[in-house]
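First comes the structure, then the notes that go with it.
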Ligand code: MIC
Ligand code: SF4
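In the working numbering, the protein residues as written are 7 to 650.
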């Protein structure tokens, strides 16, 4: 029996475990990336491990998220990351160089290699045939130290793309169609592989748009074959030597098959407030639009912005619309500026934002009250824009640009003639914002620079055999890590200060959560399906842990968050009988007995002292996870197991 693309890479990188669906496999990690919103914590964790230099083939620290400096905090984080990177052997991408995933695709991604990043959209590099996965900061720190990355061997889904896209229909519409079919829960525990003749019609950046938003499916990762288009892209980036062909074997076996006829797709939008609430633009009608934002790691490539520039050419943005454009990287912005393209954009009245995540993570550009905002981004979770009453629609660059001119949601196919762009065979390469680390023999001379807002990683206690505590919160299905640990300009400066950021935990769900937890001391959280979907931010686990949450009892969990909970020392448990979810209320006093024994068997018993009921819970943990939970967290466990 042949192998799928993912199986081939896993096989090449297998450190331990059996490649059987559902079993834990440990993988050797070739490359890591961090960004600044998760990076400070990841490097604090790395520092706590006392490893002098990173042991990967390549580790890169990007500054792209917290680029709005309204106080010293973000700037201090950047200085800290820059100093650690220099000392520990990490390439440092300065602010202004671009969004981590876009820059990584341009300059570093290599087919057939493994990459983990402390950001859920790391699978963007799957567009290059790389096995790229989002992870918590602690997992990335361990990988930087040469440790393996542990995943559950996933199922494999093949999405066969047939024919090619019609004009004004784009890669974004393909992934929106996949989200419509599979939903935000549909990819959990799966690797999504793309195949079929339609693949040939897609460039690497288009493929990367699709694998990027595979994160919204909850998938372990998404991946395209590496083919002639991949070679062309690498050649244009001056890296042809990184090319290797990679595809699934003819007789590879997939657990699920989906077929999409690209020629039948139409422009689409994900409606508020979930990326899988997908409708055709033609069905939605002429919604009046207040704001349009183009950019983010999903849609900020040169091809995207050249297309936008062609649509905006000789036009003026509608008087009631604010159009903001953030190019994905310095390379993209430079190349726009070397042609008429940037002038077209400026002339139209668009606001040029810096090459960073910006509004995608709520760093500026919050829309007005009740506004309708169209974004080429990947997430439209409630409140993420910074304006609770805003309605965010996720669309393609073509739809965004057409709507910005008209002032209402516009099907770009009504623009008439097809927009033709010429992609360069050679990109402008100037890596002057990628700082190389100091040589190993000079590393001792470099001092790591902390700031007053950078607090050490919390010291966690080992697990106890019985947990008696109240329910501090009960939430419904599809709770995102944005619900648990909001981001935005107000909160992000405290990513390196767990005590301070804990004040904001669940604030949009229950403003008193933090205070109540402190009063309770220890507590449980009860949740519905797909708890913790979205961002990889480990703060959504580290902070509840700091606030005394001992276990989260849910109907099901998102992959990265479940791993982050274990790494933080919170037990993620699921109901054996989902109906028991309805029987527990906020404030109930619960007891989890014989925890140590249950960790071994995977069967947990929960007593509800308020209602005198008993529930059966499931928590299947491999040996390593059991030990992490018992130790108190992954850092404690790693300290005790130096070989990690
Ligand atoms: C996001 O898109 O939500 C983020 C911000 O990039 C996060 C990481 C973070 O919260 O720092 C992600 O996707 O993992
Ligand atoms: Fe940045 Fe947005 Fe991409 Fe997250 S999704 S990495 S915030 S651009």
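We treat Cβ as the ideally placed atom computed from N, Cα and C, and that holds for glycine. None of these values were measured; they are calculated from a predicted model.
- Between residue 384 and ligand 2, is the CB less than 7 angstroms from at least one heavy atom? For the purposes of this step, residue 384 is identified with residue 378 of the chain shown, where counting begins at 1. Under cutoff, so the answer is yes.
- Message: Going by the DSSP bridge assignment, what does residue 399 pair with across the sheet?
- Response: Mapped onto the chain shown, residue 399 falls at position 393. Answer is 380, bridged to residue 399.
- So is residue 517 buried or exposed if we call it buried at 16+ other beta carbons inside 10 Å? For the purposes of this step, residue 517 is taken as the residue at position 511 of the chain shown. Counting Cβ neighbours within 10 Å, residue 517 comes out exposed, since fewer than 16 surround it.
- Task: Rounded to whole angstroms, what's the CA-CA distance from residue 216 to residue 134? Just pull it up for me.
- Result: One-based indexing of the chain shown puts residue 216 at position 210. One-based indexing of the chain shown puts residue 134 at position 128. Each residue's alpha carbon lies about 11 angstroms from the other.
- Query: Can you list, in chain order, the residues of its chain whose CB lies under 7 angstroms from that of residue 6, leaving out five sequence neighbours each side?
  - Reply: Given that the chain is displayed from residue 7 to residue 650, the structure contains no residue 6 and the question cannot be resolved.
- Item | Residue from 578, 58, 113, 48 whose Cα sits closest to the Cα of residue 693 | Any question about residue 693 goes unanswered here, given that the chain covers just 7 to 650.
- Message: Using a Cβ distance threshold of 8 angstroms, determine whether the region 278 to 295 contacts the region 256 to 263, with at least three qualifying pairs required.
- Response: Using a C-beta cut-off of 8 angstroms, the region 278 to 295 makes no contact with the region 256 to 263, since fewer than three inter-stretch Cβ pairs fall below that distance.
- Query: If we count the other Cβ atoms within 10 Å of its Cβ and call it buried at 16 or more, is residue 576 buried or exposed?
  - Reply: As a working mapping, residue 576 is identified with position 570 in the chain shown. Residue 576 comes out buried.
- Looking at residue 610 and residue 625, is the spacing between their C-beta atoms short of 8 angstroms? Stepping through the chain shown from its first residue, residue 625 is reached at position 619. Stepping through the chain shown from its first residue, residue 610 is reached at position 604. Yes.
- Item | Bounding residues of the alpha helix (DSSP H) (the contiguous stretch that carries residue 211) | As a first step, residue 211 must be located in the chain shown, where it is residue number 205. Segment 210 to 218, the alpha helix (DSSP H) holding residue 211.
- Using the DSSP secondary-structure output, state which residues sit across from residue 168 in a beta bridge. The residue you call residue 168 lines up with position 162 of the chain shown. DSSP lists 267 as partners of residue 168.
- Task: Taking residue 522 as part of the alpha helix (DSSP H), name the residues at either end of that continuous run.
- Result: Position 516 of the chain shown, counted from the first residue, corresponds to residue 522. Its alpha helix (DSSP H) spans residues 519 to 526.
- Item | Other residues of its chain near residue 430: CB distance less than 8 angstroms, five sequence neighbours each side excluded | As a working note, residue 430 is residue 424 in the chain shown. Around residue 430: 242, 308, 341.
- Query: What is the C-beta distance between residue 409 and residue 416, in whole angstroms, given that I count them as a contact (C-beta under 8 angstroms)?
  - Reply: Locating residue 409 in the chain shown gives position 403, where the first residue counts as 1. Locating residue 416 in the chain shown gives position 410, where the first residue counts as 1. With 8 angstroms as the limit, residue 409 and residue 416 qualify as a contact, their Cβ atoms being about 5 angstroms apart.
- Proximity of residue 558 and residue 533 at Cβ, strictly below 8 angstroms: As a first step, residue 558 must be located in the chain shown, where it is residue number 552. As a first step, residue 533 must be located in the chain shown, where it is residue number 527. A contact, by the Cβ cut-off of 8 angstroms.
- Item | Local Cβ density within 10 Å of residue 604, reported as buried at 16 or more and exposed below that | If you number the chain shown from 1, residue 604 lands on position 598. Around the beta carbon of residue 604, 16 or more other beta carbons lie within 10 angstroms, which makes this residue buried.
- Message: Rounded to whole angstroms, what is the Cα-Cα separation between residue 12 and residue 257?
- Response: For the purposes of this step, residue 12 is identified with residue 6 of the chain shown, where counting begins at 1. For the purposes of this step, residue 257 is identified with residue 251 of the chain shown, where counting begins at 1. About 14 angstroms.
- Buried versus exposed call for residue 145 [16 or more other C-beta atoms within 10 Å across all chains shown]: Counting from 1 along the chain shown, the entry for residue 145 is found at position 139. Under the 10 Å beta carbon count, residue 145 is surrounded by 16 or more other beta carbons and is classified as buried.
- Item | Own chain residues within Cβ distance below 7 angstroms of residue 650, not counting five before or after | Looking up residue 650 in the chain shown gives position 644. Note that residue 650 scores 44 on pLDDT, short of 50, meaning its location in the model is unreliable; the coordinates nonetheless yield the value given after this. So the list reads 148, 153, 644, once near-sequence residues are dropped.
- Span of the alpha helix (DSSP H) holding residue 196? Position 190 of the chain shown, counting from 1, holds the residue named residue 196. No alpha helix (DSSP H) contains residue 196, which is instead part of the beta strand (DSSP E) from 196 to 201.
- Task: Confirm the yes/no value for this check: CB of residue 276, any heavy atom of ligand 1, distance under 7 angstroms.
- Result: Here residue 276 is taken as the residue at index 270 of the chain shown, counted from 1. Because no heavy atom of ligand 1 lies under 7 angstroms away, the Cβ of residue 276 does not count as near it: no.
- Task: Take every Cβ of the region 392 to 399, pair it with every Cβ of the region 94 to 114, and state whether three or more of those distances are shorter than 8 angstroms.
- Result: no
- Query: Straight-line CA distance for residue 359 to residue 333?
  - Reply: Position 353 of the chain shown, counting from 1, holds the residue named residue 359. Position 327 of the chain shown, counting from 1, holds the residue named residue 333. One C-alpha to the other measures close to 8 angstroms.
- Task: Report yes if the C-beta of residue 107 is less than 7 angstroms from at least one heavy atom of ligand 2; otherwise report no.
- Result: In the chain shown, counting from the first residue as 1, residue 107 sits at position 101. Yes, ligand 2 has a heavy atom inside 7 angstroms of this Cβ.
- Message: Along the chain, where does the beta strand (DSSP E) containing residue 5 start, and where does it finish?
- Response: Only positions 7 to 650 of the chain appear in the structure, and residue 5 is not among them; the question remains open.
- Message: Bridge partners for residue 578 per DSSP, in chain order?
- Response: Position 572 of the chain shown, counting from 1, holds the residue named residue 578. Paired residues: 558.
- Check whether the Cβ atoms of residue 212 and residue 177 sit closer than 8 angstroms, and answer yes or no. By one-based count along the chain shown, residue 212 stands at place 206. By one-based count along the chain shown, residue 177 stands at place 171. Against a cut-off of 8 angstroms, the Cβ pair of residue 177 and residue 212 comes out as a contact.
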